[in-house]
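Chemist:
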Amino acid sequence: MAPKSHKKLLTQLLLGTAAMFGFGFALVPLYDVFCDITGINGKVDLTPAKYSSTETSNREVKIQFIAVNNESMPWSFKPTQASLRVKLGKTYQTAYWAKNLTANYMVAQAVPSVAPSEAAQYLQKVDCFCFNRQPLNAGEQREMGLAFNVLAGMPEHIKTITLSYTLFDITATSAKDVASNN
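For the sequence shown, the numbering used here assigns the number 20 to the initial residue and increments by one for each residue that follows.
1) In the DSSP output, which residue or residues are listed as bridge partners for L142?
2) Contact check, Q160 vs W116 under 8 Å by CB: the rounded distance?
3) Reducing DSSP to helix, strand and coil, say where K97 ends up.
4) By the three-class DSSP mapping on this structure, what secondary structure does P48 have?
5) In three-state terms, what does DSSP make of L34?
6) Tell me the DSSP bridge mates of F187?
7) So, at 8 Å on beta carbons, what are the nonlocal neighbours of G43 in its own chain, with the 5 sequence-adjacent residues on each side left out?
8) Would you identify the three-state DSSP class for K109, choosing helix, strand or coil?
9) Using 8 Å as the Cβ pair cut-off and three pairs as the minimum, do the stretch 171-184 and the stretch 84-103 touch?
10) Could you check where the beta strand (DSSP E) with K81 kicks off and where it finishes?
11) Please identify the residue among A171, W94, L170, L28 whose C-alpha is closest to the C-alpha of Y124.
12) Return the bridge partner residues of A174 from the DSSP annotation.
13) Which of the three DSSP states, helix, strand or coil, is assigned to G164?
14) For P154, which residues does DSSP report across the bridge?
15) Comparing C-alpha positions only, which one of V126, R104, M173, N89 sits nearest to V80?
16) Buried or exposed for M39, please, with buried defined as at least 16 other CB atoms from any protein chain shown within 10 angstroms of its CB.
Written out as structure tokens, the structure is:
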């Protein structure tokens with residue numbers, strides 16, 4: 020039979036393991052709550068707007084555009100303009116620019132984020148490069164369009180919206196999808 024000190028240690032290790040498992044299980048909902056509180060990682064609807072608001076307003080807000088490459092993404096990626104003042108309810112167009120800096124064919128996917136997160140439900144993307152994969156040959160560059168509007172019902176306290184896109188390398192995933200379809 021194991022000494023009493025070993026039983027105590029074993030009990031502590033098992034409880035510690037159970038606590039870590041419980042924390043890992045609760046981490047996703049805790050992260051969502053944290054993001055809601057801080058306004059980080061505003062989730063955006065990735066489907067095109069089915070309608071465009073006909074209600075317009077003279078109120079203007081500033082839209083800031085940010086481009087971020089995932090750490091494994093060797094492309095140059097930036098908005099064609101840093102910001103834009105827009106009237107609520109009116110559709111605007113802008114673009115992001117990307118260049119494949121490698122000697123290889125690559126496929127990218129842009130993932131949007133809106134801050135403050137409360138504004139995400141009022142920002143409608145009518146047409147967005149984030150709806151589709153973006154393939155580029157070695158050294159190829161492309162301007163990728165974005166058409167959007169901000170719904171007139173947006174709360175008054177929101178004066179600035181930041182629309183950020185993070186570009187991810189999905190070349191390997193795309194190759195698997197093509198192979199599985201053949």
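The beta-carbon is built from N, C-alpha and C at its ideal position, and this holds for glycine as well. In this text, all values refer to a predicted model and were calculated from it rather than measured experimentally.
Modeler: Short version:
1) V169
2) 7 Å
3) strand
4) helix
5) helix
6) Q128
7) none
8) coil
9) yes
10) 79-88
11) W94
12) Looking at the sequence itself, residue 174 is Pro, so the reference to Ala does not match. Paired residue(s): none; P174 is not in a bridge.
13) strand
14) V126
15) R104
16) exposed
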